[in-house]
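As you go down the protein sequences, you meet chains W and H in turn.
Residue numbering for the first sequence follows the numbering used here, starting at 1 and increasing by one per position.
Residue numbering for the second sequence follows the numbering used here, starting at 225 and increasing by one per position.
C-beta atoms are modelled at their ideal positions from N, C-alpha and C, and glycine is treated no differently.
Given the structure is predicted, the values throughout are model-derived calculations rather than measurements.
This report concerns only the one structure given below.
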Amino acid sequence: MAEPRKQDLKIIGETTSSGGQFGNVRITGQCTFRSDLDCNRISCIGQTDVQGNLRAGELKLTGEAAVGGTLDAGRVGGRGQLNVSSRLRGEQIQFTGEIKVGDDCEAGDLAMLGAFDVHGLVSAERLELKMLGSCKAKEIGGGRLVVRRSRKSALIHLFKPSSVGSLVADSIEGDVVELEHTTAQVVRGNHVTIGAGCQIGRVEYTQTLDVHKNAVVQEMVRQA
Amino acid sequence: MDRDLISKKELLDTTGISYGQLYRWKRKQLIPEEWFIRKSTFTGQETFFPKDLILARIDKIVNMKDDLSLDQVAGKLSPLLQDYELRKAAFVERNIVSLVAIHQFAGKDPDHTVYSFEMLLYFYVIDKLLQTGEMTMEEGERLLTVLRDHFPKFEGKPCDLIFIRKMGVSSFLLVSSDAHVYFDNGIKIVAKLPMVELIEQLRGKLI
């Protein structure tokens, strides 16, 4: 039996919706969904507020979005600010701006330019983070983790000296870990590169370790 | 009682999987969240896993993933702890099910009998109904037979246990959770228990 075709939803202006199941959702302006929203594709320009959980095959965002529950998405793209109170799970996340997550943030590919604040674990098979502001996470784990300070960060630093691209995490674990301007208690990995401006309590590695001359590492342990 | 735990590092060493794989499987929900146990050690926070459970699970995933995609593997792993087994003596010691219930329903089994997770679940369900005073011992015997004969047929799909009584005659039903069931007016529904919830509860107590 074929699944009944889901209705599309198009909103321009300021609206409140009760949520539900949709095909494509397009929002231009401001929209509040009072409960869960489930859709194939959602594209938002402006401000969107989902008070329940959001499930979307694809989420494209320009502007601001807040999710009161969990966000499950295939692809997440766009720029702006994304706040998720609970967990964020996505296959492919490519985002410019700021992401705030109350719990874990789990992704297949996570490519970010900007800043994030994750209260739980950030996990990604491939993480590429270009920092523009201060990034925070409790734990970071995954396959290949690359953290860099964006070149543009220097420019922002001129105008706003408080916000400078840096990362603070308790522990970072990955098969390949490349860090810059990171403060962490423990870094574990097979191939570890500690770049400029890092302050690491303890590095545990199995294959290779590179430490930049401007990095501080208190303890380095090679494990067989 | 402390379970045998294995640290994340030891786990990766013994199984030969990478950090990437471990986190991917966690994301795909092949490894339940509750198995990630955080403990502080002298080197800071470390993650531990229940050793027997995680090793069996990883072994299973590694064997299945050659033929199936990860999403298919996720579907194969039922909420039941399939590889979980517990000796009767250890089960009694854990104090999950009251001694009275164990004496009544497992009194004949010697102490070294090994119970599967399903069997533990049946005892747990029976004990729960006995504790609330809604069910008699004889009815418990019948419930055990019902569960043993029919619960495995659901193959891990969610189902509810319904306990009804009419004119003093009791009956047990197992129905899949999405089914609607209606009775005539003379029937009193004594209890309706979602098995999935009970599985979760028991799992929480065992791990």
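Flag this pair as touching only if the segment 153 to 160 of chain W and the segment 108 to 128 of chain W have three or more C-beta atom pairs under 8 Å; answer yes or no.
Because the criterion of three Cβ pairs below 8 Å is not met, the segment 153 to 160 of chain W and the segment 108 to 128 of chain W do not touch.
Requested in this report: Tell me, please, whether the segment 344 to 352 of chain H touches the segment 370 to 380 of chain H by the rule of three or more beta-carbon pairs shorter than 8 Å.
Outcome: The segment 344 to 352 of chain H, when compared against the segment 370 to 380 of chain H, does touch it at the 8 Å Cβ threshold.
Per-residue contacts from W:D109 into chain H (C-beta, under 9 Å):
Indexing the first sequence from 1 puts residue 109 of chain W at position 109. Residues of chain H whose Cβ lies closer than 9 Å to the Cβ of W:D109 do not exist; the shortest such Cβ separation is about 11 Å.
Nearest candidate by alpha-carbon position, reference W:V122, set W:D36, W:G108, W:M131: What you label residue 122 of chain W is simply residue 122 of the first sequence in a count that begins at 1. Of the candidates W:D36, W:G108, W:M131, the residue whose Cα lies closest to the Cα of W:V122 is W:G108.
For W:M1, the three-state DSSP class (helix, strand or coil) = Position 1 of the first sequence holds residue 1 of chain W. Unreliable placement is indicated for W:M1, whose pLDDT of 44 sits below 50; the coordinate value is still reported in the next sentence. DSSP places W:M1 in coil when its eight states are reduced to three.
Handout entry: Identity of the residues DSSP links to H:P382 by a beta bridge
Key = Numbered from its first residue, the second sequence carries residue 382 of chain H at position 158. Partner(s): none; H:P382 has no beta bridge.
What's the gap between the Cα of W:G120 and the Cα of W:T15? In the first sequence, residue 120 of chain W corresponds to position 120, counting from 1. In the first sequence, residue 15 of chain W corresponds to position 15, counting from 1. Using only the alpha carbons, I get a separation of about 33 Å.
Practice item. Look up H:E358 in the DSSP assignment and say whether it is helix, strand or coil. Key: By 1-based counting over the second sequence, the position of residue 358 of chain H is 134. Per DSSP, reduced to three states, the secondary structure at H:E358 is coil, with no helix or strand assignment.
- Task: Identify the continuous alpha helix (DSSP H) that holds H:R318 and give its terminal residues.
- Result: Here residue 318 of chain H is taken as the residue at index 94 of the second sequence, counted from 1. First-last of the alpha helix (DSSP H) with H:R318: 312 to 318.
How do the segment 25 to 34 of chain W and the segment 48 to 56 of chain W stand: do at least 3 beta-carbon pairs fall below 8 Å, yes or no? Three or more pairs of CB atoms, one per stretch, sit closer than 8 Å, so the segment 25 to 34 of chain W contacts the segment 48 to 56 of chain W.
**Request:** Could you tell me which chain H residues have their CB closer than 8 Å to the CB of W:V106, listed as they occur along the chain?
**Result:** The residue given as residue 106 of chain W occupies position 106 in the first sequence. Here the sequence assigns Glu to residue 106 of chain W, which means Val is not the residue at that position. Scanning chain H for C-beta atoms nearer than 8 Å to the C-beta of W:E106 yields Y247, K250, R251, reported in chain order.
_With a threshold of 8 Å between beta-carbons, can W:R75 be considered close to chain H, or not?_
Indexing the first sequence from 1 puts residue 75 of chain W at position 75. Closer than 8 Å: no.
Touching by the beta-carbon criterion (3+ pairs, under 8 Å), the segment 267 to 281 of chain H and the segment 395 to 410 of chain H: They do not touch, by the three-pair rule.
Worksheet item: How about W:V176 and W:R144: do their beta carbons lie closer than 8 Å?
Response: Counted from its first residue, the first sequence places residue 176 of chain W at position 176. Counted from its first residue, the first sequence places residue 144 of chain W at position 144. Contact flag set, yes.
- [ ] Pick out the complete alpha helix (DSSP H) segments inside the segment 242 to 283 of chain H, 4 residues or longer, and give them in chain order.
- [x] Whole alpha helix (DSSP H) segments, 4+ residues: 243 to 251.
Kindly indicate if chain H contains any beta-carbon less than 8 Å away from that of W:S171. As a first step, residue 171 of chain W must be located in the first sequence, where it is residue number 171. Closer than 8 Å to the CB of W:S171 there is at least one CB belonging to chain H.
Looking at the unbroken alpha helix (DSSP H) that takes in H:F396, where does it start and where does it end? One-based indexing of the second sequence puts residue 396 of chain H at position 172. Unbroken run through H:F396 is the beta strand (DSSP E), 393 to 400; no alpha helix (DSSP H).
Practice task
Note the first and the last residue of the continuous alpha helix (DSSP H) segment covering W:F95.
Solution key: Locating residue 95 of chain W in the first sequence gives position 95, counting from the first residue. First-last for W:F95: 88 to 101, but that is the beta strand (DSSP E), not the alpha helix (DSSP H).
> Under the DSSP definition of a beta bridge, which residues are partnered with W:V84?
Replying inline: Numbered from its first residue, the first sequence carries residue 84 of chain W at position 84. Answer is W:V67, W:V101, bridged to W:V84.
Can W:G82 and W:I99 be called in contact, C-beta distance under 8 Å? Here the question's residue 82 of chain W lines up with position 82 in the first sequence. Here the question's residue 99 of chain W lines up with position 99 in the first sequence. Just to set this straight, residue 82 of chain W is Leu in the shown sequence, not Gly. In this structure, W:I99 lies closer than 8 Å to W:L82 by Cβ.
* Asked: Does the beta carbon of W:E128 sit closer than 8 Å to a beta carbon anywhere in chain H?
  -> Taking the first residue of the first sequence as position 1, residue 128 of chain W is located at position 128. Contacts with chain H at 8 Å (Cβ-Cβ) do not include W:E128.
Would you list, in chain order, the members of the segment 112 to 126 of chain W that have their beta-carbon closer than 8 Å to a beta-carbon of chain H? If the cut-off is 8 Å between Cβ atoms, the segment 112 to 126 of chain W has S123, A124, E125 near chain H.
message: If I follow the unbroken alpha helix (DSSP H) through H:V420, where does it start and stop?
response: The sequence position of residue 420 of chain H within the second sequence is 196, counting from 1. H:V420 -> alpha helix (DSSP H) spans 419 to 430.
C-alpha distance - H:L426 paired with H:K233, whole-angstrom precision:
By 1-based counting over the second sequence, the position of residue 426 of chain H is 202. By 1-based counting over the second sequence, the position of residue 233 of chain H is 9. The alpha-carbon atoms of H:L426 and H:K233 are separated by roughly 28 Å.
Since W:I27 is in the beta strand (DSSP E), which residue starts that stretch and which ends it?
Start at 1 with the first residue of the first sequence, and residue 27 of chain W comes out as number 27. Where W:I27 is concerned, the enclosing beta strand (DSSP E) stretches over 20 to 33.
Contact the segment 325 to 334 of chain H vs the segment 354 to 367 of chain H: 3+ CB pairs below 8 Å
The count of Cβ pairs closer than 8 Å, one atom from the segment 325 to 334 of chain H and one from the segment 354 to 367 of chain H, reaches three, so the stretches are in contact.
| Between H:Y243 and W:G78, is the Cβ-Cβ spacing less than 8 Å? | Counting from 1 along the second sequence, the entry for residue 243 of chain H is found at position 19. Counting from 1 along the first sequence, the entry for residue 78 of chain W is found at position 78. Going by C-beta atoms, H:Y243 is not nearer than 8 Å to W:G78.
inquiry  = Which residue wins for smallest C-alpha separation from W:T182, given the options W:N190, W:N214, W:Y205?
reply    = The residue given as residue 182 of chain W occupies position 182 in the first sequence. W:T182 has its Cα closest to that of W:N214, out of W:N190, W:N214, W:Y205.
Tell me the DSSP secondary structure of W:G13 in three-state form.
For the purposes of this step, residue 13 of chain W is taken as the residue at position 13 of the first sequence. Looking at W:G13 - three-state DSSP - the assignment turns out to be strand.
Q | Rounded C-alpha distance that separates H:F407 from H:M343 | A | Within the second sequence, residue 407 of chain H is the residue found at index 183, counting from 1. Within the second sequence, residue 343 of chain H is the residue found at index 119, counting from 1. Distance between the alpha carbons of H:F407 and H:M343: 30 Å.
* Asked: Can a CB atom of chain W be found closer than 8 Å to the CB of H:Q269?
  -> Your numbering for residue 269 of chain H matches position 45 in the second sequence. By this cut-off, H:Q269 is an interface position.
Exercise. Where does H:V286 fall in DSSP's three states?
Worked result: The sequence position of residue 286 of chain H within the second sequence is 62, counting from 1. Of the three classes helix, strand and coil, the one that applies to H:V286 here is helix, per DSSP.
Report yes or no: is there a C-beta of chain W within less than 8 Å of the C-beta of H:G244? Position 20 of the second sequence, counting from 1, holds the residue named residue 244 of chain H. Cβ-Cβ to chain W under 8 Å: yes for H:G244.
Using a Cβ-Cβ distance cut-off of 8 Å, determine whether W:M1 contacts chain H. Numbered from its first residue, the first sequence carries residue 1 of chain W at position 1. Legend: pLDDT at W:M1 = 44, less than 50; position of this residue unreliable, value from coordinates given subsequently. Output row for W:M1: interface = no.
Please name the residue in W:D103, W:H191, W:R89 whose C-alpha comes closest to that of W:Q207. Here the question's residue 207 of chain W lines up with position 207 in the first sequence. The shortest Cα separation from W:Q207 among W:D103, W:H191, W:R89 belongs to W:H191.
Contact criterion: CB-CB distance below 8 Å. Does H:E365 meet it with respect to chain W?
Position 141 of the second sequence, counted from the start, is the residue given in the question as residue 365 of chain H. Not one chain W Cβ lies under 8 Å of H:E365.
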